[in-house]
Amino acid sequence: MTIQPSISTMIHSASQSNNSSNNLLANIFQKLRKIETKEGLFQISVEIIYQVLECDRVVVYSLQSDSYCKVIAEAVTSGYAQILGSIIKDACFESGYIEKYQKGRVRAVADIYKAGMSFCHIENLERIQVKANLVVPLIDRDASLLGLLVVHQCSQIRQWQQSEVDFLLQIADWTMEQIAEKEQYQNLSSQIEQLQLCQETLEEVTKEIHAAQDSNTVLQLATRRAKELLKCDRVVAYGLEDENIGKIVAESTLPSLAPILGRIIIDPCLEHSYREKYQDGRVRAINNIYEAGMTPCYIENLENIGVKANLVVPINLDNGKIFGLLVAHQCFQFREWQPEDVDCLEKIAFQAGLCLSKTKILEKLQLIKFDVSGLNDTKKKLEIVKLGIKEIQEPIKITSNSLIEINNLNKLLDREFNLISQNSSIQTKKDTKLIQIFVKKLILNINDYNIL
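1 is the number of the first residue of the sequence shown in UniProt numbering; add one for each residue after it.
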């Protein structure tokens, strides 16, 4: 492993004056604490080189394409052309040169007119008053060529010393190391910040989902908040209705995408084994549907709804059975799903599963309450009927007893009438007949009263 010398060692070894190098170091370290960008680090580097090598200009060319470069950092002597921000097209700088610099090529030109350069290259250098230059590559950690670190001498030709070349190479390596560390730190900081934000948002999402009173609200909240957190194009809840049949039961999507809510999807590719795998917690992150080894029918189903990349996690109920899938879609481009994306979607799906279990219980309770309410209404009606029956029972009982007495009296009169008929006079028979008629009318009147 190569140990890079410290910036202070490089400056002291390259500078002839300890006092000037000490002042330079103080300025560098003060600036380094405030640097936030890659361009800022490049600017410090060119200022270091400019002061140590006492040249006329130092620039960083950022490679834009095979023949385009942009000047993203510059230190220049007053009176010479300032080219910071310029985009330079150099047709002479062909892809072959890129490959050479990528492999570590260094070029020290003491006199541009004696270096065997092409006419167009000399012409480009003349425009910015260059008479001699020193060029080293800026190689990124992935071995790609980020650009070139270039020293210009404009006042005169210059014989570059090996110590100056070594110094420039060390600064180039140190700069790229600083950039890599800064990017790594920023990435880690960004990830931590994203995780904190995700955690805070997940807590809010969990509260929202758990406050939902029905399954549709739970699923709609889960898809909407997942789309916000993942910043993707679409999130759907896919309810598994059969081994290879599912329904889009909730959706949150960009307005520019056609809605697919309610769509029944018959997918012969989603075999029973897949259902079991998802029930066991399977997660699938597909960055590019065409490079994931999918079957043609599966790719066709995704193409039909405009999907280029997707992230799939299961929604399992608290009894371990699978309800369906929570799926994030990227439709306008491919996407490399990050671990935090997976973690976020899994947590939302887990909370959605718990809440679905709870809402299903609540929905059953509502049905039971409805049935109980119906029974209570029936019970109240029966109580009213019962009271009504009780109210008419007493009069009916009295009437019934009266009827019995009257019938008994009628029988007694019939018997007496028969006796009288056998032994009495005609007048007596008439009187008895009249009494009998009166009694019968009385009975009829009583019966009519009871009927009414």
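We treat Cβ as the ideally placed atom computed from N, Cα and C, and that holds for glycine.
#1: Distance, Cα to Cα, residue 236 vs residue 276?
#2: Which whole runs of the beta strand (DSSP E) in the UniProt domain "Phytochrome chromophore attachment site" (214–351) are 3 residues long or more, in chain order?
#3: What three-state label does DSSP hand residue 451 in the structure shown?
#4: Once DSSP output is grouped into helix, strand and coil, what is the label at residue 211?
#5: Please list the terminal residues of the continuous alpha helix (DSSP H) segment that includes residue 51.
#6: In the DSSP assignment, what are the bridge partners of residue 121?
#7: Check residue 134 in the structure and name its three-state DSSP category.
#8: Given that a residue counts as buried once 16 or more other Cβ atoms are within 10 Å of its Cβ, and exposed if not, what is residue 355?
#9: Can you tell me where the beta strand (DSSP E) holding residue 107 begins and where it ends?
#10: When we look at the beta-carbon of residue 37 and count the other beta-carbons within 10 Å, is it buried (16 or more) or exposed?
#11: What did DSSP end up calling residue 113 once you bin it into helix, strand or coil?
#12: Can you list, in chain order, the residues of its chain whose CB lies under 6 Å from that of residue 39, leaving out five sequence neighbours each side?
#13: When DSSP labels each residue in this structure, what does residue 143 get in the three-state scheme?
#14: Would you check if the distance between the CB atom of residue 263 and the CB atom of residue 252 is smaller than 8 Å?
#15: Within the continuous beta strand (DSSP E) that includes residue 75, where are the two ends?
#16: Alpha carbon to alpha carbon, how far is residue 278 from residue 320? Give it in angstroms, no decimals.
#17: With DSSP as the reference, label residue 357 as helix, strand or coil.
#18: In three-state terms, what does DSSP make of residue 127?
#19: What does the Cβ neighbour count give for residue 164, buried or exposed, with the cut at 16 atoms within 10 Å?
#20: Around the C-beta of residue 415, are 16 or more other C-beta atoms found within 10 angstroms, so that it is buried, or is it exposed?
#21: Taking the alpha-carbon positions, what's the residue 134 to residue 126 distance?
#22: If distances are taken between C-alpha atoms only, which option among 121, 340, 45 comes closest to residue 175?
#23: Return the first residue and the last residue of the beta strand (DSSP E) that residue 61 is part of.
#24: Determine the extent of the beta strand (DSSP E) in which residue 89 is found, giving its start and end residues.
#25: For residue 337, which residues from the same chain have a beta carbon less than 6 Å from its beta carbon, with the 5 sequence-adjacent residues on both sides left out?
#26: Helix, strand or coil: how does DSSP classify residue 156 here?
#27: Should residue 513 be labelled buried (16 or more other beta-carbon atoms within 10 Å of its own) or exposed?
#28: Check residue 148 in the structure and name its three-state DSSP category.
#29: Please work out which residues of its chain come closer than 6 Å, Cβ to Cβ, to residue 105, disregarding the five sequence neighbours upstream and downstream, and give them in chain order.
#30: Closer than 6 Å by C-beta to residue 346: which residues in its own chain qualify, once you throw out the five before and the five after it? Chain order, please.
#31: Cutting at 7 Å between CB atoms, please list the residues of its own chain near residue 206, excluding the five before and the five after it.
#32: Any idea if residue 141 is buried or exposed, counting beta-carbon neighbours within 10 angstroms, 16 or more meaning buried?
#33: Which term fits residue 1, buried or exposed, when burial requires 16 or more other beta carbons within 10 angstroms of its beta carbon?
#34: Run the CB neighbour count on residue 188, radius 10 Å, all protein chains shown included, and call it buried at 16 or more, exposed below.
#35: Cβ atoms of residue 52 and residue 167: under 8 Å apart, would you say?
#36: Round the Cβ separation of residue 215 and residue 360 to the nearest angstrom and send it over; I've been treating them as touching at under 8 Å.
Reading off the structure:
#1: 20 Å
#2: When DSSP assignments are scanned along the UniProt domain "Phytochrome chromophore attachment site" (214–351), the uninterrupted stretches of beta strand (DSSP E) that are 3 or more residues long and fall wholly within it turn out to be 234–240, 245–253, 264–266, 284–286, 309–316, 322–330.
#3: Residue placement at residue 451 is poorly supported in this model, since its pLDDT is 41, which falls under 50; the coordinates still yield a value, given next. Reduced to three states, the DSSP call for residue 451 is helix.
#4: helix
#5: DSSP places residue 51 in the uninterrupted alpha helix (DSSP H) bounded by 38–53.
#6: Per DSSP, none; premise fails for residue 121.
#7: strand
#8: buried
#9: 107–109
#10: exposed
#11: helix
#12: 72
#13: coil
#14: no
#15: 68–76
#16: 11 Å
#17: Correct three-state label for residue 357: helix.
#18: Three-state DSSP puts residue 127 in a helix.
#19: It is buried - the Cβ of residue 164 has at least 16 other Cβ atoms within 10 Å.
#20: exposed
#21: Each residue's Cα considered, the two are about 15 Å apart.
#22: Relative to the Cα of residue 175, the nearest Cα in the group 121, 340, 45 belongs to 45.
#23: For residue 61, the uninterrupted beta strand (DSSP E) segment begins and ends at 57–63.
#24: 87–89
#25: 285, 311
#26: coil
#27: Residue 513 cannot be examined here, being either before or after the span of the chain that is shown, 1 to 452.
#28: Residue 148 falls in the strand class under three-state DSSP.
#29: none
#30: 313
#31: 351
#32: exposed
#33: For residue 1, the predicted structure reports a pLDDT of 35, less than 50, and the residue's modelled location is therefore unreliable. A value from the coordinates is still provided. Exposed, by the Cβ-count rule.
#34: By the neighbour-count rule (16 or more Cβ atoms within 10 Å), residue 188 is not buried but exposed.
#35: yes
#36: Residue 215 to residue 360, Cβ: 7 Å. Contact.
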